[in-house]
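Protein chains in written order, with the working numbering: chain A, 124 to 303; chain B, 124 to 303.
Listed below in C-alpha cells is the structure:
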C-alpha cells in the first residue's frame, strides 16, 4: 500500500474551490481564544468544503499575522466573515434561512448520534470558547443544541476536535453526493 | 436551554473509568511531535472510553512535565503504553488479535464513509506524524488503510482532528450500546 504523493491527491486549486458547490453548512466560532484551534477549524472546513466560517468577538481572523502557521493555507481558500458580537452572526444566519444549532451540553439537548438533518435545508453550528463554552444568550437564540455523547471522566473535548466530529457527521448526513 | 454545570454532567470518576467496559479500540500514535495533538488525543480517547493509547518513538508520554496542560487530566485516566518502535506496537497488537488499520492516503485505501466494522472484533488505528504521516513500514504491516475523504485544497487534516473523526466513526459503527 504505497503512500500517495501530494500531487497524486488530486486536490482542487483555490479558484476551483471558490467556484465549487459547497456543503450547506457554516461554522460560527464564538469567542475562540486559541489560534491553534481556529487554524485547525479552517483546515477542516476546507477539507469538507463548507460554505463559510463566522469569526466572532475575540476569535482571530486570517488578518492575524500568525494565522498561517496553524491554518496552513486554508485561510486563503475558506470564505469567512467577522462579527463583533456572536449574536449578530446568529441573527443574520436566521434571517438568511439557516437553522442554527449550538454545540453545547444543555438541558434538553439533542444527541449527535440521533440527530436527523433535512437535505433541503441550510445549517449553522456554533462552537463555544475553550473554557466558557457557547454564551447563554447565543444558546437562547439558537434553534436547538446538539451534544456529543461522552463516556469518560473529563467534561469536554477540545473545540477543534469537536468541530471536526460535528462537520464530519453533518457531511455524512447532509449529502455525500454533493461533491461527487 | 440552560447550560449544564460540570457537576450535572454525571461523568464517571477515575476508579469507575478503570473498571468500566471499554470500546474495543486502541489508538497508536506513530511519531507525533506536538504535545497539543497528543494531549487532545488523550481527551478524545477518555471521552469515548477506548482501551488504550500506544505512544511510539518521539511521541511524548504522560511522564512529560507539560502533558497535563493539553491532556487536562485525561493522562491520569487513560491506559497507555510506550514503544520505541511503532512496528513493535503493531506486531504486539496483531499477535493479540487486533485488526490494525493505518489512517493514511495510500493506493487502494478504504474510505471511512464505506468502512464496515465487525462488532465481535477488536481494532487498532495508527495515526501518523504531522508532516510525514504513517511510516511506510508500518503501513506495510497494517491490515489495511483507511482514508478520510477530503474535498478542499489542502492535503490533510490536523492529526488530533483526524483521530477525533475516526474514533467517533468507530464508536458509532462498533457499538453504541457498549456504554448504555
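From the three backbone atoms N, C-alpha and C, an ideal C-beta is built for every residue, glycine too.
My assumption, with CB atoms under 8 Å, is that residue i sits in contact with residue j. Please give the rounded CB distance.
i: residue 183 of chain A; j: residue 161 of chain A; result: 6 Å
i: residue 126 of chain B; j: residue 227 of chain A; result: 6 Å
i: residue 293 of chain B; j: residue 246 of chain B; result: 7 Å
i: residue 271 of chain B; j: residue 285 of chain B; result: 6 Å
i: residue 139 of chain A; j: residue 158 of chain A; result: About 27 Å separates the two Cβ atoms, so there is no contact after all.
Should residue i be flagged as near chain B, meaning a C-beta pair shorter than 8 Å?
i: residue 187 of chain A; result: no
i: residue 142 of chain A; result: no
i: residue 245 of chain A; result: no
i: residue 205 of chain A; result: no
i: residue 293 of chain A; result: no
i: residue 197 of chain A; result: yes
i: residue 183 of chain A; result: no
Does residue i get closer than 8 Å to chain A when you measure Cβ to Cβ?
i: residue 223 of chain B; result: no
i: residue 177 of chain B; result: no
i: residue 167 of chain B; result: yes
i: residue 229 of chain B; result: yes
i: residue 256 of chain B; result: yes
i: residue 156 of chain B; result: no
Would residue i and residue j qualify as a contact pair, given that the criterion is a beta-carbon distance under 8 Å?
i: residue 146 of chain A; j: residue 176 of chain A; result: no
i: residue 224 of chain A; j: residue 179 of chain A; result: no
i: residue 288 of chain A; j: residue 291 of chain B; result: yes
i: residue 263 of chain B; j: residue 124 of chain A; result: yes
i: residue 233 of chain B; j: residue 153 of chain B; result: no
i: residue 265 of chain B; j: residue 164 of chain B; result: no
i: residue 151 of chain B; j: residue 168 of chain B; result: no
i: residue 170 of chain A; j: residue 275 of chain B; result: yes
By the 10 Å Cβ neighbour count, where 16 or more other Cβ atoms means buried, how is residue i classified, buried or exposed?
i: residue 277 of chain A; result: buried
i: residue 237 of chain B; result: exposed
i: residue 220 of chain A; result: exposed
i: residue 281 of chain A; result: buried
i: residue 130 of chain B; result: exposed
i: residue 241 of chain B; result: exposed
i: residue 211 of chain A; result: exposed
i: residue 148 of chain A; result: buried
i: residue 235 of chain A; result: buried
i: residue 137 of chain B; result: exposed
i: residue 181 of chain B; result: exposed
i: residue 297 of chain A; result: buried
i: residue 239 of chain B; result: exposed
Requested in this report: Could you name each continuous beta strand (DSSP E) segment of 3 residues or more that falls completely within the segment 229-293 of chain B, going from the start of the chain to the end?
Outcome: 245-251, 267-270
Next on the checklist: Short of 7 Å Cβ to Cβ, which residues in the segment 272-292 of chain B face chain D?
Outcome noted: This model lacks chain D altogether, as its protein chains are A and B.
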